[in-house]
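Asker: Protein chains in written order, with the working numbering: chain F, 1456 to 1801; chain L, 1456 to 1801. After the structure tokens below, expect a handful of questions from me.
2 protein chains.
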Amino acid sequence: MAHSAYNLNLTSGQVDLSHGGGGRAMAQLIDALFIKHFDNDLLKRRNDQAVFQVPAGRLAISTDGHVISPLFFPGGDIGALAVHGTLNDVAMSGARPLYLAAGFILEEGLALADLDRIVASMAAAAKAAGTPVVTGDTKVVERGKGDGVFITTTGVGIVPDGVDIAGDRAEPGCAVLVSGSIGDHGVAIMAGRENLQFGTSIVSDSAALHGLVADMVAAAPTRIRCLRDPTRGGLATALNELAEQSGVGIVVDENRIPIKAQVRAACEILGLDPLYVANEGKLVCICEADAAETLLNTMHNHPLGRDASIIGTVVADQHHFVQMTTGFGGRRIVDWPAGEQLPRIC
Amino acid sequence: MAHSAYNLNLTSGQVDLSHGGGGRAMAQLIDALFIKHFDNDLLKRRNDQAVFQVPAGRLAISTDGHVISPLFFPGGDIGALAVHGTLNDVAMSGARPLYLAAGFILEEGLALADLDRIVASMAAAAKAAGTPVVTGDTKVVERGKGDGVFITTTGVGIVPDGVDIAGDRAEPGCAVLVSGSIGDHGVAIMAGRENLQFGTSIVSDSAALHGLVADMVAAAPTRIRCLRDPTRGGLATALNELAEQSGVGIVVDENRIPIKAQVRAACEILGLDPLYVANEGKLVCICEADAAETLLNTMHNHPLGRDASIIGTVVADQHHFVQMTTGFGGRRIVDWPAGEQLPRIC
Chain F
1456 MAHSAYNLNL TSGQVDLSHG GGGRAMAQLI DALFIKHFDN DLLKRRNDQA
1506 VFQVPAGRLA ISTDGHVISP LFFPGGDIGA LAVHGTLNDV AMSGARPLYL
1556 AAGFILEEGL ALADLDRIVA SMAAAAKAAG TPVVTGDTKV VERGKGDGVF
1606 ITTTGVGIVP DGVDIAGDRA EPGCAVLVSG SIGDHGVAIM AGRENLQFGT
1656 SIVSDSAALH GLVADMVAAA PTRIRCLRDP TRGGLATALN ELAEQSGVGI
1706 VVDENRIPIK AQVRAACEIL GLDPLYVANE GKLVCICEAD AAETLLNTMH
1756 NHPLGRDASI IGTVVADQHH FVQMTTGFGG RRIVDWPAGE QLPRIC
Chain L
1456 MAHSAYNLNL TSGQVDLSHG GGGRAMAQLI DALFIKHFDN DLLKRRNDQA
1506 VFQVPAGRLA ISTDGHVISP LFFPGGDIGA LAVHGTLNDV AMSGARPLYL
1556 AAGFILEEGL ALADLDRIVA SMAAAAKAAG TPVVTGDTKV VERGKGDGVF
1606 ITTTGVGIVP DGVDIAGDRA EPGCAVLVSG SIGDHGVAIM AGRENLQFGT
1656 SIVSDSAALH GLVADMVAAA PTRIRCLRDP TRGGLATALN ELAEQSGVGI
1706 VVDENRIPIK AQVRAACEIL GLDPLYVANE GKLVCICEAD AAETLLNTMH
1756 NHPLGRDASI IGTVVADQHH FVQMTTGFGG RRIVDWPAGE QLPRIC
């Protein structure tokens, strides 16, 4: 190798500007870190793009920047999150994800050991999901112009024939389901930041949902109308988006929304409403009413849908409100979040 | 609209953390800025992914982060650059680019007027290239944790049947061409940063090269072996990469490498070697020798290839050296760049 003279010190070295310069130092970083971990033939060809065969049909593409702070958190890290976040956005069209691309923006001074750990975690998540990172890019910015590492991932996938899932397809009468307990990710991050001890550990739910989605699509290929992962802004925001896009109202039942006791307790301490707290391994599904039980059973049979619940119904509403029937029998409007209670949660 | 109450002040407003929060402020930013400028039906559906039809065949995907400083420079801005940079990487496989995805990482405090101008420029570049931005993502980081705006774009395209262009396909005897004068982009940026006045204005060559590539592919579909855009690290780095990937040597003739007189003069003042200075609208082509004249004529007939030149030859060399015959008749090795002379040039 022409650049074997430059050895990357993955134990005590740091990212410097030359790692983004296109020269030997960058080639070394790519070889010794990215290609080592991601380890696939497309990436190994070292082209500025990856070329692969696709069948004729509908392709889904999604991109997501990840700027979470801290980089390592209970239940995950920015690397695994960058895989899960984008795969989930691809899967929310009903698509089977195929490949990932990754763009790294590194801050000068980042410990190479941290980057190594992040990329290893990212590679493990990509491998577990069966979606290799086949192309990428690395840039370095000066100290104080970034924050360790930002990762923007893009995923492509194939939408099965006959599947038509989109945020504007909800209609009055449809059922609303959620795949599990809400608020885990945001609370895990906030607890980490605030250095809170809750006696019991809350971990992020960061997970790739495309396997669950594939089972759901197989069970009711034409009856699923909308899928959305309630990340930033939480369940409340996802429901408001879907109501807005479809031009409908949604009514949910507070008693049916799964929230872990320790998440609820932590939210009280932190002054958060769990409905607005981010999730990274959950989905909202809106389906035709007569498919709801089938889908609920399918979800219950998948490890990531064990706590799935039918939480409400789509209604006609010219205001496109999301309303919640409370535990006390009343109804309140679940509004869009106004400000930002949890910056850099993903 | 449920979020019409929030008005974005594009004249004197600034990005704040709520614009990345997933709530009303973010929805407003997406509506009033991104959807307004990018203006296409896929984006307007406001899903977290875009779904489109593709023919069976080979898909090319490339991703590129853009962190250039300053955001606005002679001949372009980060918005147009983020379109050109990624389209070019897709096109260097011989592919016809179809669609773009864009991930924005905004710094709190960025003037919305600047963002508006950048997104407008990006949309104009995407429209001119016929490659709409169909999906995207926006994140906001706190003041001092970013630098205005970083844009990571991802492009997908279709590789025509029979075309096989990659960095590892150069063979001894092949010809080496460059599509035009080198060093313009890097010198324009550096001159802007250093506030230098050169009497004559040097502007970035930032441009989308897929039209030029399409003409070249049509002229010699199976004879083009490698294409690469010499961005970071310049022509010297691109040639070294290709030599390394293909396991060959390359010999170029200094007299045949087009460099504008004012770029050469500026490089002398700035202490730069133009061979290592970034380009954003040029390509290196390695082709079978008997196709070189045909391709050169094709390039000369395209506005972005008017100054194209056959600059050298691929040779057998176990060291994979790039060598240059100098104007004085000698030969010197054109090595990989060691450090980083122009940080954040793209």
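Each residue gets a CB set at the ideal place from its N, CA and C atoms; glycine is no exception.
1. Am I right that L:Glu1597 and L:Glu1563 are in contact with their C-beta atoms under 8 Å? What's the rounded C-beta distance?
2. F:Val1419 by DSSP, collapsed to three states: which one?
3. At what residues does the beta strand (DSSP E) containing L:Thr1607 begin and finish?
4. Rounded to whole angstroms, what is the Cα-Cα separation between F:Ile1572 and F:Ala1566?
5. Quick one: which chain F residues come within Cβ less than 8 Å of L:Thr1749?
6. Quick check on L:Ala1625: does DSSP put it in helix, strand or coil?
7. What are the boundary residues of the alpha helix (DSSP H) that includes F:Gly1689?
8. In terms of DSSP beta bridges, what is L:Glu1562 paired with?
9. Once the 5 residues before and after F:Ala1662 are set aside, which same chain residues still bring their CB inside 8 Å of it?
10. F:Arg1761 touches chain L at which residues, Cβ-Cβ below 9 Å?
11. Could you work out which residues of chain L lie near F:Ile1560, taking near to mean beta carbons separated by less than 8 Å?
12. Relative to chain F, which residues along the region 1709-1721 of chain L have a C-beta separation below 8 Å, given in chain order?
13. So is L:Val1732 in contact with chain C if we call contact Cβ pairs under 8 Å?
14. Closest to F:Phe1489 by C-alpha separation, out of F:Asp1708, F:Ala1746, F:Leu1570, would be which residue?
15. Measure from the C-beta of L:Ser1659 to each C-beta in chain F and report whether the shortest distance is under 8 Å.
16. Checking contacts by CB at 8 Å: is L:Gly1641 closer than that to chain F?
17. I need the straight-line Cα distance from L:Val1672 to L:Leu1555, nearest angstrom please.
18. Cα-Cα, which of L:Ala1721, L:Ala1746, L:Val1509 is closest to L:Ser1656?
19. For F:Phe1783, name the three-state secondary structure that DSSP assigns.
20. Quick test of your reading: L:Gly1601 and L:Leu1561, contact by CB under 8 Å. State the CB separation rounded to the nearest angstrom.
21. Is the beta carbon of F:Gly1558 sitting closer than 8 Å to the one on L:Glu1795?
22. What is the C-beta distance between L:Asp1532 and L:Leu1526, in whole angstroms, given that I count them as a contact (C-beta under 8 Å)?
23. Using a C-beta cutoff of 8 Å, does L:Gln1469 count as contacting chain F?
24. In terms of residues, what are the limits of the beta strand (DSSP E) holding L:Asp1519?
25. What does F:Ser1764 pair with, by DSSP beta-bridge criteria?
26. Which two residues bound the contiguous beta strand (DSSP E) that contains F:Gly1641?
27. Starting from L:Arg1572, follow the alpha helix (DSSP H) in both directions and report where the run begins and ends.
28. In the DSSP output, what is L:Ile1679 paired with across the bridge?
29. Going along the chain, which residues of the region 1535-1550 of chain F sit with their C-beta nearer than 8 Å to a C-beta in chain L?
30. For the beta strand (DSSP E) containing L:Ala1662, list its first residue and its last residue.
31. At 9 Å on the CB atoms, spell out the chain F contacts of L:Arg1501, in chain order.
32. Since F:Leu1694 and F:Ile1705 should fall inside the 8 Å C-beta cutoff, what is the C-beta to C-beta distance between them, to a whole number of angstroms?
33. Assign L:Asp1496 to one of three DSSP states: helix, strand, or coil.
34. Pull the bridge partners of F:Thr1590 from the DSSP assignment, please.
35. Please report how far the alpha carbon of F:Ala1480 lies from the alpha carbon of F:Gln1469, in whole angstroms.
36. Would you say F:Ala1733 and F:Gly1641 are within 8 Å of each other, going by their C-beta atoms?
Answerer: Walking through what the data contain:
1. The distance from the Cβ of L:Glu1597 to that of L:Glu1563 is about 5 Å, consistent with a contact at the 8 Å cut-off.
2. Since the first and last residues shown for chain F are 1456 and 1801, residue 1419 of chain F lies out of range.
3. Where L:Thr1607 is concerned, the enclosing beta strand (DSSP E) stretches over 1604-1614.
4. Residue identity differs from the one stated: residue 1572 of chain F is Arg in this sequence, not Ile. Answer to the nearest angstrom: the Cα atoms are 10 Å apart.
5. Result: empty, since nearest Cβ-Cβ is about 24 Å, beyond 8 Å.
6. In the structure shown, L:Ala1625 sits in coil (DSSP, three-state: anything other than H, G, I, E or B).
7. Here the alpha helix (DSSP H) through F:Gly1689 covers 1689-1701.
8. DSSP lists L:Val1596 as partners of L:Glu1562.
9. Here F:Ala1662 has His1539, Glu1735, Gly1736, Leu1759 as same chain residues with Cβ atoms under 8 Å from its own Cβ, once five neighbours each way along the sequence are excluded.
10. Under the 9 Å cutoff, chain L gives no residues; its nearest Cβ is about 24 Å from F:Arg1761.
11. Contact annotation for F:Ile1560 against chain L: Gly1520, Val1522, Ile1560, Phe1605, Thr1607 [CB-CB distance below 8 Å, chain order].
12. Residues passing the 8 Å Cβ filter: none.
13. Here chain C cannot be found, since the structure's protein chains are F and L.
14. F:Phe1489 has its Cα closest to that of F:Leu1570, out of F:Asp1708, F:Ala1746, F:Leu1570.
15. For L:Ser1659, no CB of chain F lies under 8 Å from its own CB, so it is not counted at the interface with that chain.
16. By the rule that beta-carbons nearer than 8 Å mark a contact, L:Gly1641 does not touch chain F.
17. For L:Val1672 and L:Leu1555, the distance between alpha carbons rounds to 22 Å.
18. When L:Ala1721, L:Ala1746, L:Val1509 are compared, the shortest CA-CA separation from L:Ser1656 is found for L:Ala1721.
19. In the three-state scheme derived from DSSP, where H, G and I count as helix and E and B as strand, F:Phe1783 is classed as coil.
20. Contact holds; Cβ gap of about 7 Å.
21. Taking the C-beta atoms as reference points, L:Glu1795 is found no nearer than 8 Å to F:Gly1558.
22. Confirmed, Cβ separation roughly 6 Å.
23. Under the 8 Å criterion on CB atoms, L:Gln1469 is classed as non-interfacial with respect to chain F.
24. It spans 1512-1521 - the beta strand (DSSP E) in which L:Asp1519 sits, taken as one unbroken run.
25. Looking at the DSSP assignment, F:Ser1764 forms a beta bridge with F:Val1633.
26. Membership of F:Gly1641 in any beta strand (DSSP E) is not indicated; the residue belongs instead to the alpha helix (DSSP H) covering 1639-1649.
27. Bounds of the alpha helix (DSSP H) holding L:Arg1572 are 1567-1584.
28. In the DSSP output, where bridge partners are listed per residue, L:Ile1679 has L:Cys1742.
29. Here the close residues are Asp1544, Val1545, Met1547, Ser1548, Ala1550.
30. Bounds of any beta strand (DSSP E) do not take in L:Ala1662, whose DSSP letter is neither H nor E.
31. Neighbours of L:Arg1501 on chain F, chain order: Gly1622, Asp1623, Glu1696, Glu1699, Gln1700.
32. With a Cβ gap of about 5 Å, F:Leu1694 and F:Ile1705 count as contacting.
33. L:Asp1496 carries a helical assignment under DSSP once its states are collapsed to helix, strand and coil.
34. The bridge partners DSSP lists for F:Thr1590 are F:Ala1556.
35. Cα to Cα, the separation comes out at about 12 Å.
36. In this structure, F:Gly1641 lies closer than 8 Å to F:Ala1733 by Cβ.
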